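Trainee: Position 37 (the sequence shown) corresponds to 18 in the numbering used here; numbering is contiguous. For glycine and all other residues, C-beta sits at the position ideal for the given N, C-alpha and C. Everything numeric in this text was worked out from a predicted model, so none of it was measured. One structure, as C-alpha coordinates, below. Some questions next.
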Amino acid sequence: MLPMLKYGNDRVVAFNDAVLRASDEFGLTDEERERTIPSGNMTYVRNRVGWAITYLVKAGLLYRPHRA
(Lines of atoms letter the chains of each structure in order from A and count residues from 1; the text may use other names and numbers.)
(Lines give C-alpha, C1' and ligand atoms only; values in the text may rest on other atoms or scores of the structure.)
Protein backbone atom coordinates (compact mmCIF):
# COMPACT_ATOMS: atom_id res chain seq x y z
CA MET A 1 0.00 0.00 0.00
CA LEU A 2 2.84 2.40 0.73
CA PRO A 3 3.97 2.76 -2.92
CA MET A 4 0.38 3.54 -3.96
CA LEU A 5 0.06 6.09 -1.17
CA LYS A 6 3.31 7.79 -2.16
CA TYR A 7 2.52 7.75 -5.88
CA GLY A 8 -1.08 8.90 -5.65
CA ASN A 9 -0.69 11.35 -2.81
CA ASP A 10 -0.74 14.61 -4.77
CA ARG A 11 -1.85 13.73 -8.30
CA VAL A 12 -4.43 11.88 -10.30
CA VAL A 13 -3.01 8.54 -11.42
CA ALA A 14 -4.35 6.16 -14.04
CA PHE A 15 -4.74 2.60 -12.80
CA ASN A 16 -2.45 1.18 -15.50
CA ASP A 17 0.26 3.67 -14.52
CA ALA A 18 -0.09 2.61 -10.89
CA VAL A 19 0.32 -1.05 -11.88
CA LEU A 20 3.47 -0.28 -13.87
CA ARG A 21 4.89 1.82 -11.06
CA ALA A 22 4.24 -0.88 -8.45
CA SER A 23 5.79 -3.53 -10.71
CA ASP A 24 8.89 -1.38 -11.15
CA GLU A 25 9.03 -0.43 -7.47
CA PHE A 26 9.13 -4.06 -6.39
CA GLY A 27 11.41 -5.13 -9.25
CA LEU A 28 9.04 -7.76 -10.60
CA THR A 29 10.26 -9.94 -13.44
CA ASP A 30 8.26 -10.30 -16.64
CA GLU A 31 7.10 -13.71 -15.45
CA GLU A 32 5.87 -12.27 -12.14
CA ARG A 33 4.10 -9.41 -13.91
CA GLU A 34 2.20 -11.85 -16.14
CA ARG A 35 1.24 -14.40 -13.47
CA THR A 36 -2.54 -14.60 -13.18
CA ILE A 37 -4.78 -15.24 -10.21
CA PRO A 38 -6.45 -18.68 -10.12
CA SER A 39 -9.53 -17.49 -12.03
CA GLY A 40 -7.23 -16.35 -14.85
CA ASN A 41 -9.10 -13.07 -15.25
CA MET A 42 -6.28 -10.73 -14.22
CA THR A 43 -2.68 -10.66 -13.07
CA TYR A 44 -1.70 -10.77 -9.42
CA VAL A 45 -0.10 -7.35 -9.58
CA ARG A 46 -3.26 -5.73 -11.05
CA ASN A 47 -5.34 -7.46 -8.39
CA ARG A 48 -3.11 -6.35 -5.52
CA VAL A 49 -2.82 -2.77 -6.76
CA GLY A 50 -6.60 -2.62 -7.11
CA TRP A 51 -7.12 -3.80 -3.54
CA ALA A 52 -4.45 -1.46 -2.18
CA ILE A 53 -6.13 1.51 -3.85
CA THR A 54 -9.56 0.40 -2.65
CA TYR A 55 -8.44 0.19 0.98
CA LEU A 56 -6.56 3.49 0.83
CA VAL A 57 -9.65 5.22 -0.58
CA LYS A 58 -11.86 3.67 2.12
CA ALA A 59 -9.40 4.86 4.78
CA GLY A 60 -9.60 8.38 3.35
CA LEU A 61 -5.91 8.43 2.44
CA LEU A 62 -6.48 8.59 -1.32
CA TYR A 63 -9.18 10.30 -3.30
CA ARG A 64 -10.78 8.70 -6.32
CA PRO A 65 -12.20 11.66 -8.30
CA HIS A 66 -14.38 9.48 -10.52
CA ARG A 67 -14.98 5.89 -11.38
CA ALA A 68 -13.44 4.39 -14.52
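Who are the near neighbours of Glu15 in its chain, counting only those whose CB is closer than 7 angstroms to its CB and skipping five residues on each side?
Mentor: Excluding sequence neighbours, Glu15 sits near Thr24.
Trainee: Cα-Cα, which of Val(-7), Pro(-16) and Gly21 is closest to Asp106?
Mentor: Here the chain covers residues -18 to 49 and nothing more, so residue 106 does not appear.
Trainee: DSSP state of Thr35, grouped into three classes?
Mentor: helix
Trainee: Buried or exposed: where does Val26 fall if 16 or more other Cβ atoms within 10 Å of its Cβ makes it buried?
Mentor: buried
Trainee: Please classify Gly(-11) as buried or exposed, where buried requires at least 16 other C-beta atoms within 10 Å of its C-beta.
Mentor: By the neighbour-count rule (16 or more Cβ atoms within 10 Å), Gly(-11) is buried.
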